[in-house]
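Reviewing the structure listed below.
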Amino acid sequence: MSRTPVVEEKPRVAYEANRGQLTLTNGRLQLLIDLKDGLNPHQLKDIRSGRVYADGTYHWSTDEQPVVCGQPILTTDVNGTCTVVIPSRLGELHIEQTLCLPGEEPGVLTEVIRLINKTDHVLDTSTFACGFVKQIHDGERWQADGEQERFCDVPYRRHPETGDLCDYTMAEIATKDNWFTTVRSPDYHIQPTSLWGAEGWAWYHAGNTLLISKYNQDALEWSLLAPMERMEPDGMAKALRFGGAGRWKLGDPEGAAELMPGTSFAFGETRYQILDGEWKEAYAAFRTNTERKGHMTPSSFDPPVHWNELYDNLLWWTADTADNRVKYFQKADMVLEAEKAKEFGCGCLYLDPGWDTALSSNIWAEDRLGSQESFVQWLEENYQMKLGLHIPLAPWGDADAYPKEASRMDRSGNRMSHPDNDILHIDVLCSASSVYIETKIARLKELCRLGAYFLLFDGAWFAGECWDPSHGHSLPLTHQEHLDAILHITQSVHVAYPDVIIEQHDPMTGPGTPRYTPTYFMHGKPGGFDELWGNEYMIEPLDDIYSGRAISLYYANLAYSIPIYLHIDLRNDNEHALMFWWYASTCRHLGVGGTPTNGKIWEKQKKEMQVYLSLKSFYAQGIFYGLDETVHAHTLRDRGETVINFFNLETKLVQRQLQFRLADVGLQGEVVSIEGAAYKVTKDKISFNVVIPAGAHTLVRLKVNTGNE
1 MSRTPVVEEK PRVAYEANRG QLTLTNGRLQ LLIDLKDGLN PHQLKDIRSG RVYADGTYHW
61 STDEQPVVCG QPILTTDVNG TCTVVIPSRL GELHIEQTLC LPGEEPGVLT EVIRLINKTD
121 HVLDTSTFAC GFVKQIHDGE RWQADGEQER FCDVPYRRHP ETGDLCDYTM AEIATKDNWF
181 TTVRSPDYHI QPTSLWGAEG WAWYHAGNTL LISKYNQDAL EWSLLAPMER MEPDGMAKAL
241 RFGGAGRWKL GDPEGAAELM PGTSFAFGET RYQILDGEWK EAYAAFRTNT ERKGHMTPSS
301 FDPPVHWNEL YDNLLWWTAD TADNRVKYFQ KADMVLEAEK AKEFGCGCLY LDPGWDTALS
361 SNIWAEDRLG SQESFVQWLE ENYQMKLGLH IPLAPWGDAD AYPKEASRMD RSGNRMSHPD
421 NDILHIDVLC SASSVYIETK IARLKELCRL GAYFLLFDGA WFAGECWDPS HGHSLPLTHQ
481 EHLDAILHIT QSVHVAYPDV IIEQHDPMTG PGTPRYTPTY FMHGKPGGFD ELWGNEYMIE
541 PLDDIYSGRA ISLYYANLAY SIPIYLHIDL RNDNEHALMF WWYASTCRHL GVGGTPTNGK
601 IWEKQKKEMQ VYLSLKSFYA QGIFYGLDET VHAHTLRDRG ETVINFFNLE TKLVQRQLQF
661 RLADVGLQGE VVSIEGAAYK VTKDKISFNV VIPAGAHTLV RLKVNTGNE
């Protein structure tokens with residue numbers, strides 16, 4: 001009878017210098033490193049289950065292993081954290097691999113790769129990549145259990161652009177074509193790729209999981225899986241590279257492409273965590289780690305529900321021209337929208353394109369709306385509402401509203417400008433121009449001074465190269481400088497107005513469903529943005545649910561506690577207000593707009609809005625738990641309560657029978673009350689029997705005795 005191996009919880013590093021071998025152990029995780037014939041971390045193993053994740057020679061871009069330079073540097077700090085730094089050299093390139101076993105996190109290993117140029121000339125490092133290797137196919141058959149092992153994308157188990165399930169077999173990762181997009185939607189700029197990138201991967205099978213995540217707040221980077229092949233006598237053998245470091249998408253991180261003499265580049269931290277459970281447990285561990293890094297919802301988070309005038313305003317649906325702004329965006333038009341907002345129960349009037357003198361001028365159109373100060377006072381006194389504003393950044397803005405020297409310059413020194421009769425106003429302004437940045441910050445501060453509480457940073461995509469030497473950026477402009485410029489604008493506004501809420505669209509693709517940058521990127525930095533964008537599910541929000549695209553928001557909430565903002569078109573909803581509740585459940589900050597032509601739907605939505613407002617603290621501040629894609633729980637632990645949303649996305653009535661433990665929704669104690677469903681309580685297990693009409697939603701409320709009452 002086999003015994004479960006005894007697992008020592010505390011981190012430990014054993015170095016056998018005569019054999020040239022390092023053994024790193026942290027709880028159930030063990031890593032073996034050979035140093036004798038080069039730097040080779042070759043075996044990553046779960047001691048408890050016996051599962052081996054890495055079993056091949058560590059991959060270092062070439063067939064050669066880096067030569068170890070001297071002895072590894074071993075340190076242990078006061079909390080038991082063990083760190084190993086291994087200096088090495090691969091040709092002219094020096095590499096420093098730092099491996100860390102956190103003292104208070106059994107089963108965790110972190111890895112950081114630093115590239116160093118000690119020569120007197122530039123080194124091309126654009127093709128550098130490294131990582132652990134798993135042998136998965138010997139040329140004739142898959143390795144044992146290989147066909148059952150799966151890789152789940154974290155945090156997008158559902159693809160935001162297609163709704164497809166991003167949970168793959170080992171064979172799919174090894175053989176399937178992959179792609180990404182760089183602009184707005186999959187209809188544009190589809191890029192084939194042999195790599196699989198995500199913020200994290202849950203590698204799971206039979207109740208055992210390795211979570212492989214990447215974190216870098218200073219450069220764009222992802223956790224990469226790279227299929228590898230080599231010819232063997234029995235056929236084409238396959239292996240998988242994972243962890244480590246490398247570049248992806250449009251060559252990011254850019255800083256790893258080449259090293260100037262005497263410089264270095266550190267890739268972000270790769271985190272390996274062995275867990276019991278499968279993808280759902282990996283998501284919970286991922287969220288715990290990102291919360292530890294500051295990606296949280298503030299405890300007092302309670303923004304008002306927005307009313308967006310765009311949906312009923314003809315300006316957006318015709319053409320955003322100067323004449324149409326005069327025709328459709330007057331104070332009288334906003335009075336009509338404010339009345340609707342009040343009727344629906346909103347606490348903010350959000351103005352989309354049209355409120356300023358020109359697109360993204362960010363100068364209040366006083367000739368059409370009166371002064372901003374009086375507008376804010378009118379909103380407060382008559383409707384008890386705040387003011388929110390649409391703020392496109394440089395790529396989406398009328399360059400004529402900014403100093404001429406803020407525009408981009410091509411390689412030949414020609415200043416770019418908008419074509420005649422242009423109504424799009426895109427890709428002329430340079431996001432990192434010092435003149436643009438100074439002008440933008442000054443205008444945003446003035447808007448905040450005069451009462452704007454919310455700024456939505458739209459139009460943030462990377463517009464392309466700029467070669468103007470007076471702008472203060474590299475020639476040409478880099479992705480990182482574009483991102484740094486956006487962060488600087490955000491931080492500058494927050495220094496002056498820390499309570500203003502700033503929403504940030506993806507800063508590489510702008511408005512759209514693609515997520516180019518990691519979800520966390522720039523959030524959590526001092527003065528950084530406050531809210532994520534809900535992936536452009538604002539135009540066809542009901543279809544986005546049924547297609548599976550908006551189910552990506554469910555998974556984003558499982559992986560992150562960063563607030564998501566989205567406004568939705570109420571005209572798309574059905575008679576059950578399914579759409580309204582889906583986004584209320586998946587977006588901590590909700591916006592709405594548009595008046596349904598069906599009066600019954602409008603009345604139903606208003607009624608449901610009142611229910612939502614009575615429970616708003618659960619949705620804005622509560623901890624999000626997912627029992628499945630269509631059952632969402634929002635828990636306030638200090639109150640011992642949770643509200644659970646059941647959704648029926650089918651075209652027929654369904655009877656849902658669901659069993660879970662209180663711990664699955666973050667509660668413990670004795671059940672005091674349940675409202676909204678037939679139920680049975682057996683100790684800490686709850687069984688629900690819920691009947692839901694086709695395309696409908698049911699709300700259940702559960703309360704336990706916390707012992708504080």
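Under UniProt numbering, think of the first position of the sequence shown as 1, with each following residue one higher.
For each residue, glycine too, the CB sits at the ideal point set by N, CA and C.
Since we're looking at a predicted model, the values are computed, not measured.
- Of the residues K340, E309 and K342, the one whose Cα lies closest to the Cα of Y328 is E309.
- Membership of T439 in the alpha helix (DSSP H) is indicated by the continuous run S434 to R449.
- DSSP links D153 through a beta bridge to W201.
- Between the region 469-484 and the region 438-448, the count of Cβ pairs shorter than 8 Å is below three; the stretches do not touch.
- Counting only runs of at least 4 residues, the region 376-433 fully encloses no alpha helix (DSSP H) element at all.
- In this structure, G528 and H567 do not form a Cβ contact; the two beta carbons are roughly 22 Å apart against a cut-off of 8 Å.
- Sequence-distant Cβ neighbours of F647 in its own chain, meaning closer than 6 Å and more than five residues away, are T630 and H697.
- Annotation: the continuous alpha helix (DSSP H) that includes I601 extends over G599 to S614.
- Judged by DSSP secondary structure, A485 falls within the alpha helix (DSSP H) whose first and last residues are H479 to A496.
- A distance below 6 Å between beta-carbons, with the five flanking residues on each side excluded, links P102 to the following residues of its chain, in chain order: T81 and V108.
- Contact check for L662 against D684 passes: the beta carbons are separated by less than 8 Å.
- Distance between E373 and E380, taken at the CA atoms: about 11 Å.
- Assignment of beta-bridge partners to Q97 by DSSP yields I86 and I113.
- Shown here for A358: same chain residues with a beta carbon closer than 6 Å to its own, the five before and five after excluded, namely D398 and A401 in chain order.
- Annotation for D234: D138, G139 and E140 place their beta carbon closer than 8 Å to its own, counting only its chain and skipping 5 residues before and after.
- For the options S299, L115 and Q655, the alpha carbon positioned closest to that of E258 is the one of L115.
- Assigned with DSSP and collapsed to three states, W316 falls in helix.
- Under the three-pair Cβ rule at 8 Å, the region 601-608 does not count as touching the region 662-682.
- Classified as buried, D333 has 16 or more neighbouring CB atoms from the shown chains inside 10 Å of its CB.
- By the beta-carbon neighbour count (other beta carbons within 10 angstroms, threshold 16), E221 is buried.
- Residue state for A584 is assigned as helix, using DSSP reduced to three classes.
- Annotation: G345 to L613 spans about 8 Å, alpha carbon to alpha carbon.
- A direct Cα-to-Cα measurement between L210 and E111 gives close to 15 Å.
- Of A341, L224 and D320, the smallest CA-CA separation from T595 is found for A341.
- In chain order, Y625, T642, I644 and V665 place their CB closer than 6 Å to the CB of A633, counting only its own chain and leaving out the 5 sequence neighbours on each side.
- T75 and T83 have their alpha carbons spaced roughly 5 Å apart.
- By a beta-carbon distance limit of 8 Å, I426 does not contact A319. Their separation comes to about 14 Å.
- As the crow flies, the alpha-carbon of E540 is around 10 Å from that of A550.
- By the Cβ criterion, the region 512-523 is in contact with the region 151-160, since at least three pairs of Cβ atoms, one from each stretch, lie closer than 8 Å.
- For P72, the secondary structure class from DSSP, reduced to helix, strand or coil, is coil.
- For the pair H295 and S561, the CB atoms are nearer than the 8 Å cut-off.
- Counting only residues of its own chain and dropping the five nearest sequence neighbours on each side, H523 has a CB closer than 7 Å to the CB of H295, F529 and I562.
- If you draw a straight line from the Cα of K134 to the Cα of Y554, it comes to about 31 Å.
- With a cutoff of 8 Å on beta-carbon distance, W201 and L225 are scored as near each other.
- When the beta-carbon positions are compared, L44 and Y272 come within less than 8 Å of each other.
- In the DSSP assignment, Q621 is bridged to no other residue.
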